[in-house]
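Residue numbers (the working numbering): 1 to 98.
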Amino acid sequence: MYNCMIIKCLKMQFDFFLSIFLFVFIYFVILLIAKKIGWKKKKVVENCSNACPKCNQSLNRIPRKKVDHIIINLTFRIFEFKRYKCSGSENDWEGLRW
Ligand SMILES: [Zn+2]
1 MYNCMIIKCL KMQFDFFLSI FLFVFIYFVI LLIAKKIGWK KKKVVENCSN ACPKCNQSLN
61 RIPRKKVDHI IINLTFRIFE FKRYKCSGSE NDWEGLRW
């Protein structure tokens, strides 16, 4: 009876870690797919290798924010995210691209 409870407890712990592992694994696979399909990748147009997704004007590099470093670490540094800002004066676009 006592042994049985220990085994049950161990099994629950195992299930717990297994589900965490599965969750992280699935998250990692989703990140790899995102990289493969070019999620947040620099937009290339005829005359610009890094164009604004809104207006196709060139983007300017700006310093990363604290939250960017958190995002970079949360995505296991798969993406080399850099923060950019649109050079156009209208609808200011700002965000991360790699
Ligand atoms: Zn723009």
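Even glycine gets a Cβ: it sits at the ideal position worked out from N, Cα and C.
Reference L150, options G88, P63, F76, closest by Cα: A query on residue 150 cannot be resolved here, the shown segment of the chain reaching from 1 to 98 and no further.
Under 9 Å between C-beta atoms of R83 and K65: yes
Residue interval of the beta strand (DSSP E) (run including C48): 48-51
Bounding residues of the beta strand (DSSP E) (the contiguous stretch that carries K43): First-last of the beta strand (DSSP E) with K43: 43-45.
Heavy atom of ligand 1 within 8 Å of G95 beta-carbon: no
Bridge partners - E94, DSSP secondary structure assignment: K85
Extent of the continuous beta strand (DSSP E) run through N56: Note, N56: premise wrong, no beta strand (DSSP E); not H, not E.
Rounded distance between the beta-carbons of L31 and T75, thought under 8 Å: 6 Å
Status (buried if at least 16 other CB within 10 Å, exposed otherwise) for C52: buried
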